[in-house]
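S.K.:
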Amino acid sequence: MIIEPKVREFICTTAHPEGCRENIKQQIAYVKAQNINKCPKKVLIIGASTGYGLASRITAGFGCQADTIGVFFEKPSNGKRTATPGWYNTVAFEEEAKKAGIYAKSINGDAFSEEIKEKTIHLIKQDWGKVDMVIYSLAAPRRTDKDGNLWVSSLKTTKESFTEKSLDLRNNTIVEKTVDPAELEEIQGTIKVMGGEDWLEWIEALKKANAIEEDAYTVAYSYIGPELTYPIYFDGTIGQAKRHLENTAKIIKEKFPKLQAYVSVNKALVTQASAAIPIVPLYFAILYKIMKEAGNHEGCIQQISRLFKEKLFEEEVPVDEKGRIRMDDWELSEKVQKKVVEAWKEVTTENVTEISDIEGYWEDFYQMFGFYVPEVDYEKDVDIECSIPSIEH
1 MIIEPKVREF ICTTAHPEGC RENIKQQIAY VKAQNINKCP KKVLIIGAST
51 GYGLASRITA GFGCQADTIG VFFEKPSNGK RTATPGWYNT VAFEEEAKKA
101 GIYAKSINGD AFSEEIKEKT IHLIKQDWGK VDMVIYSLAA PRRTDKDGNL
151 WVSSLKTTKE SFTEKSLDLR NNTIVEKTVD PAELEEIQGT IKVMGGEDWL
201 EWIEALKKAN AIEEDAYTVA YSYIGPELTY PIYFDGTIGQ AKRHLENTAK
251 IIKEKFPKLQ AYVSVNKALV TQASAAIPIV PLYFAILYKI MKEAGNHEGC
301 IQQISRLFKE KLFEEEVPVD EKGRIRMDDW ELSEKVQKKV VEAWKEVTTE
351 NVTEISDIEG YWEDFYQMFG FYVPEVDYEK DVDIECSIPS IEH
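Residue 309 in this note's numbering sits at position 309 of the sequence shown, with consecutive numbering throughout.
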């Protein structure tokens, strides 16, 4: 089958297996060249198939030679439609891991559920005994909790309505976007889905089963962003959830004092989740241009390999006043943000391609789904059906 990208606003409904495979190979090549010395050996990644979670699995597996178990919720091809990009990413990752003699197994299902927690813990006990690192990188729009309650997340403000410039992804024009304030139930739902409750439940379940080392590391990923996006992000419903996530790290440390629990605040990058947030894609496009010109732009794999190599496993982990690891340090530097604000004031539909890296934004967007990868011949027929070797449902 010849596969082409089919984009509907901020989502691509197709994925290319060969493009995803090439992406994985390039990320593996990058981490293998980093010479990461201090490493975990048995790593569980919750949310392991795309973005920062996938980069964490690649860094652990190929930068550290660690065994990995990845948990995610992805769909295979049904013969007519392609699989999701996370499915193809995992197929490629496991193929490369097998070639390199690296243990890699995967569990596909709802990571919020008790059933998937139990299956994962059974696999850990059977194959490893205990994990020495747990990475929590789950991104989902809704969650059914252990009591059967369904919670839905919202992208809203928590104060008054907020109107600001935004990028219309349908035609690359600059428009004004208004984001309305959330109801209390919507704030609560966002915290339940995107906060730290499920992270804590995973750690508690692992501890109860004696499936995690006493001094294991656990890290969850977050984002703060600049003042420019505070109303929709840091002060919005998502920001409330991220504060809950940060507080959960403190709770984990209090409950299990020997565990090393951290929140890593990462850089702004194009992901399937971030593309859906009003105002944010325009900020990303402007930021990309400025950071690329400064020579300090990073993608997911660069961020996570730097986290592993320079921050997380240091004798004294460098954290801010709230105990967070700051991987957004380059993004939020005064020099970079000053240029962002200046560009933001000037950007219009007419000059957006000059003032921002709109092409870089779209390149990252399409490459998430395996498209626009220079090394891939998109005119060739490809088989869209493939299975993950170790998959457990």
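Ideal Cβ placement from N, Cα and C applies to all residues, glycine included.
Quick caveat: nothing in here was measured; it's all calculated off a predicted structure.
Taking leucine 259 as part of the alpha helix (DSSP H), name the residues at either end of that continuous run.
M.R.: Taking the first residue of the sequence shown as position 1, residue 259 is located at position 259. Element bounds for leucine 259: n/a, residue is neither H nor E.
S.K.: Is there a Cβ from chain C that is less than 8 Å from the Cβ of alanine 60?
M.R.: No chain C appears in the structure shown, which is made up of a single protein chain.
S.K.: Would you call the region 181-189 and the region 205-225 in contact, with 3 or more CB pairs under 8 Å?
M.R.: As far as the Cβ criterion goes, the region 181-189 does not touch the region 205-225, which means the pair count is below three.
S.K.: Tell me which residue opens and which closes the alpha helix (DSSP H) that valine 201 is part of.
M.R.: Start at 1 with the first residue of the sequence shown, and residue 201 comes out as number 201. The sequence given here has glutamate at residue 201, not valine. Element bounds for glutamate 201: 197-208.
S.K.: Note down the Cα distance separating lysine 335 from valine 341, rounded to an integer number of angstroms.
M.R.: By one-based count along the sequence shown, residue 335 stands at place 335. By one-based count along the sequence shown, residue 341 stands at place 341. Distance between the alpha carbons of lysine 335 and valine 341 is about 10 Å.
S.K.: Using 8 Å as the Cβ pair cut-off and three pairs as the minimum, do the region 25-43 and the region 189-196 touch?
M.R.: Three or more beta-carbon pairs separated by less than 8 Å are not found between the region 25-43 and the region 189-196, which leaves the two stretches without contact.
S.K.: With a threshold of 16 other CB atoms inside 10 Å of the CB of leucine 150, please say whether the residue is buried or exposed.
M.R.: One-based indexing of the sequence shown puts residue 150 at position 150. The residue in question, leucine 150, is exposed, as its Cβ has fewer than 16 Cβ neighbours within 10 Å.
S.K.: Give a yes or no on contact between the region 119-136 and the region 57-77, applying the rule of three or more CB pairs nearer than 8 Å.
M.R.: yes
S.K.: Compute the Euclidean distance between the alpha carbons of threonine 59 and valine 373, then round it to the nearest angstrom.
M.R.: The residue given as residue 59 occupies position 59 in the sequence shown. The residue given as residue 373 occupies position 373 in the sequence shown. Answer to the nearest angstrom: the Cα atoms are 21 Å apart.
S.K.: Ignoring anything shorter than 3 residues or poking outside the region 153-194, list the beta strand (DSSP E) runs there in chain order.
M.R.: 162-168, 173-179
S.K.: So what does glycine 397 bridge to, in DSSP terms?
M.R.: Here the chain comprises residues numbered 1 to 393, so residue 397 is not present and cannot be evaluated.
S.K.: Would you call the region 154-170 and the region 252-262 touching, i.e. three or more CB-CB distances under 8 Å?
M.R.: no
S.K.: Give the C-beta separation of proline 5 and phenylalanine 369 to the nearest angstrom, bearing in mind that I take them to be a contact with Cβ-Cβ under 8 Å.
M.R.: By 1-based counting over the sequence shown, the position of residue 5 is 5. By 1-based counting over the sequence shown, the position of residue 369 is 369. Right, their Cβ atoms sit about 6 Å apart.
S.K.: For leucine 200, which residues from the same chain have a beta carbon less than 7 Å from its beta carbon, with the 5 sequence-adjacent residues on both sides left out?
M.R.: As a position in the sequence shown, residue 200 is number 200, starting the count at 1. Within the same chain, leucine 200 has close Cβ partners Thr248, Ile251, Ile252.
S.K.: Is the beta carbon of asparagine 89 sitting closer than 8 Å to the one on threonine 50?
M.R.: The residue you call residue 89 lines up with position 89 of the sequence shown. The residue you call residue 50 lines up with position 50 of the sequence shown. For asparagine 89 and threonine 50, yes; Cβs fall inside 8 Å.
S.K.: What three-state label does DSSP hand tyrosine 136 in the structure shown?
M.R.: For the purposes of this step, residue 136 is identified with residue 136 of the sequence shown, where counting begins at 1. In the three-state reduction of the DSSP assignment, tyrosine 136 falls in the strand class.
S.K.: If we call anything under 8 Å between Cβ atoms a contact, is arginine 324 one with valine 265?
M.R.: Numbered from its first residue, the sequence shown carries residue 324 at position 324. Numbered from its first residue, the sequence shown carries residue 265 at position 265. In contact: arginine 324 and valine 265 (Cβ atoms closer than 8 Å).
S.K.: Looking at leucine 245 and valine 270, is the spacing between their C-beta atoms short of 8 Å?
M.R.: Translated into positions along the sequence shown, residue 270 becomes position 270. Translated into positions along the sequence shown, residue 245 becomes position 245. Against a cut-off of 8 Å, the Cβ pair of leucine 245 and valine 270 comes out as no contact.
S.K.: Classify isoleucine 358 as helix, strand or coil using the three-state DSSP reduction.
M.R.: Looking up residue 358 in the sequence shown gives position 358. Helix.
S.K.: Given this structure, state the Cα-to-Cα distance separating lysine 339 from glutamate 9, to the nearest angstrom.
M.R.: Within the sequence shown, residue 339 is the residue found at index 339, counting from 1. Within the sequence shown, residue 9 is the residue found at index 9, counting from 1. Lysine 339 and glutamate 9: Cα-Cα distance of roughly 28 Å.
S.K.: Can you check which of these residues, Ser274, Phe313, Trp362, is closest to serine 154 by C-alpha distance?
M.R.: To locate residue 154, count along the sequence shown from 1; it is residue 154. Comparing Cα-Cα distances from serine 154 to each of Ser274, Phe313, Trp362, the minimum goes to Ser274.
S.K.: Is glycine 295 buried or exposed, if buried means 16 or more other CB atoms sit within 10 Å of its CB?
M.R.: Within the sequence shown, residue 295 is the residue found at index 295, counting from 1. The residue is exposed, with fewer than 16 neighbouring Cβ atoms inside 10 Å.
S.K.: According to the neighbour-count rule (16 or more other Cβ atoms, all chains shown, within 10 Å of its Cβ), is glutamate 397 buried or exposed?
M.R.: No statement about residue 397 is possible, as the shown extent of the chain runs from 1 to 393 and does not include it.
S.K.: Going by C-alpha to C-alpha distance, which of Trp87, Ala92, Ala48, Gly148 sits closest to isoleucine 135?
M.R.: Counted from its first residue, the sequence shown places residue 135 at position 135. Among Trp87, Ala92, Ala48, Gly148, the Cα nearest to that of isoleucine 135 belongs to Ala48.
S.K.: Would the beta-carbon of threonine 190 fall within 8 Å of that of glutamate 176?
M.R.: In the sequence shown, residue 190 corresponds to position 190, counting from 1. In the sequence shown, residue 176 corresponds to position 176, counting from 1. Not closer than 8 Å, so no.
S.K.: Please list the terminal residues of the continuous beta strand (DSSP E) segment that includes glutamate 96.
M.R.: Locating residue 96 in the sequence shown gives position 96, counting from the first residue. It is not in any beta strand (DSSP E) - glutamate 96 instead sits in the alpha helix (DSSP H) that spans 85-100.
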